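Residue numbers (the numbering used here): 6 to 426.
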């Protein structure tokens with residue numbers, strides 16, 4: 006296993022359970038009631054995880070004016086670009102971290118690193134991989150220095166204890182518990198959703214049984230004489246043969262038997278009720294039906310991004326930045342940003358409007374404009390073109406005065422363009 010080195014190098018320390026304000030023992034199981042047997046729930050989460058997998062994480066640094074400094078040989082950007090670890094692409098990795106966020110309301114990531122000491126004796130971290138963790142139980146501990154640790158227990162029974170400051174921890178619905186997302190016990194509180202899912206399951210089973218019943222017994226053949234078992238069997242076989250061979254739907258009979266039909270009228274839940282139940286599930290997770298079906302408009306996708314995706318994007322950027330960089334590095338404006346440029350936030354009409362608005366003002370390079378339409382960049386395309394219809398606001402007055410033939414340094418006391426009354 007590629008993570009074996011983490012367990013081998015993990016040394017036991019004198020620790021005790023951490024004390025939190027809610028006065029509970031900080032042991033949290035990651036097993037909750039399984040709501041993910043529902044195809045609707047799985048489809049919704051898959052939709053969110055798939056959209057998040059389009060994000061592109063980048064390590065950036067800003068100067069004092071807020072301008073982004075280029076970091077071409079940065080090790081973090083090398084990992085984030087294609088393979089955050091040896092077995093996952095960036096898309097796989099992000100999807101792998103988002104699913105537990107909705108499964109357990111907590112997602113843990115371990116950034117593996119080597120300690121590097123430069124010529125001046127300063128220590129820094131060289132990150133080598135990012136590993137999503139899937140513990141079945143977490144225990145929160147402290148040592149004599151009040152340093153907070155997390156002990157993870159995994160499905161195979163192995164344990165791993167790490168400083169909490171070394172863990173990237175993503176949380177969802179972080180409310181009652183002091184350290185874990187979800188409810189009081191650090192698990193998702195899905196009781197309200199489970200009730201809706203049970204109703205939905207009952208409705209679906211009822212529809213299935215109604216269909217089966219409609220294909221079952223449709224009538225009774227009454228034989229008007231007393232027959233022996235063999236004669237009854239022959240009479241039944243003959244009647245079934247008539248049914249199978251009848252092309253007109255009309256059965257011929259004689260005085261010996263009567264066919265009494267059973268009027269079966271199964272009651273099916275109306276479509277409005279089914280839609281109401283399904284929409285309750287969708288609202289709980291934060292995915293609308295147009296998003297699920299792929300028939301959304303720009304406004305509908307923007308609402309989905311603002312409500313569901315953006316909090317995840319912001320939370321990931323803050324969690325990564327606070328864990329990967331020391332306080333000194335943060336003071337020098339180092340941060341991790343998850344760019345959403347690959348998310349399809351707009352249609353071609355709006356992209357053309359952006360090209361006309363931002364492109365003509367030099368806010369985007371030619372290659373950035375091509376990227377809006379999924380067109381590959383070209384060499385030398387990192388240039389900005391500005392329309393001559395725009396001018397620097399500080400030069401506007403001088404430009405207009407020059408057009409009027411007036412010296413901008415000469416005060417205008419009124420009158421004609423020569424300053425005469």
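Just so it is clear, CB atoms sit at the ideal spot from N, CA and C, and this is done for glycine as well.
Keep in mind it's a predicted model, so treat the numbers as computed, not measured.
Whether residue i touches residue j by CB criterion (9 Å)
i, j, result
"residue 314", "residue 100", "no"
"residue 175", "residue 113", "yes"
"residue 91", "residue 325", "no"
"residue 138", "residue 193", "no"
"residue 110", "residue 177", "yes"
"residue 49", "residue 242", "no"
"residue 362", "residue 390", "no"
Residue i - partner residues in DSSP beta bridges
i, result
"residue 153", "147"
"residue 113", "138 and 174"
"residue 62", "343"
"residue 164", "158"
"residue 119", "131"
"residue 187", "179"
"residue 90", "93"
"residue 53", "Partner(s): none; residue 53 has no beta bridge."
"residue 73", "67"
"residue 366", "391"
Spatial distance of residue i from residue j (CA atoms)
i, j, result
"residue 81", "residue 130", "11 Å"
"residue 355", "residue 126", "53 Å"
"residue 155", "residue 64", "26 Å"
"residue 86", "residue 59", "12 Å"
"residue 292", "residue 312", "9 Å"
"residue 388", "residue 286", "48 Å"
"residue 375", "residue 360", "9 Å"
"residue 76", "residue 45", "43 Å"
"residue 30", "residue 320", "With a pLDDT of only 47 at residue 30, under 50, the local geometry of the prediction cannot be trusted, and the value read off the model is given with reservation. Residue 30 and residue 320: Cα-Cα distance of roughly 27 Å."
"residue 188", "residue 342", "29 Å"
"residue 490", "residue 288", "The displayed coordinates of the chain run from 6 to 426. Any statement about residue 490 would go beyond what the structure contains."
"residue 369", "residue 403", "27 Å"
"residue 305", "residue 344", "20 Å"
"residue 143", "residue 182", "13 Å"
"residue 74", "residue 164", "41 Å"
"residue 409", "residue 394", "18 Å"
"residue 476", "residue 373", "Any answer about residue 476 is impossible in this case: the structure gives the chain only from 6 up to 426."
"residue 331", "residue 141", "30 Å"
"residue 4", "residue 161", "Residue 4 lies beyond the residue range present for the chain, which begins at 6 and ends at 426; the question has no answer from this structure."
"residue 184", "residue 88", "30 Å"
"residue 115", "residue 71", "30 Å"
"residue 79", "residue 299", "37 Å"
"residue 54", "residue 294", "16 Å"
"residue 121", "residue 307", "43 Å"
"residue 382", "residue 302", "28 Å"
"residue 254", "residue 239", "The predicted position of residue 254 is uncertain, since its pLDDT is 49 and thus under 50; no value can be drawn from it."
"residue 385", "residue 145", "53 Å"
"residue 367", "residue 377", "15 Å"
"residue 284", "residue 179", "24 Å"
"residue 380", "residue 322", "28 Å"
"residue 407", "residue 392", "20 Å"
"residue 346", "residue 68", "23 Å"
"residue 400", "residue 371", "26 Å"
"residue 166", "residue 190", "20 Å"
"residue 51", "residue 128", "41 Å"
"residue 405", "residue 358", "29 Å"
Anticipated Cβ contact below 8 Å, residue i with residue j, distance rounded
i, j, result
"residue 2", "residue 103", "This structure cannot settle anything about residue 2, because the visible part of the chain is limited to 6 through 426."
"residue 168", "residue 152", "6 Å"
"residue 339", "residue 66", "5 Å"
"residue 328", "residue 149", "The pair is not a contact, with the Cβ atoms about 24 Å apart (cut-off 8 Å)."
heavy atom of the ligand SAH below 8 Å from residue i C-beta
i, result
"residue 99", "This structure lacks the ligand SAH, and indeed carries no ligand of any kind."
Stretch pair the segment 327–335 + the segment 88–108: three plus CB contacts closer than 8 Å: no
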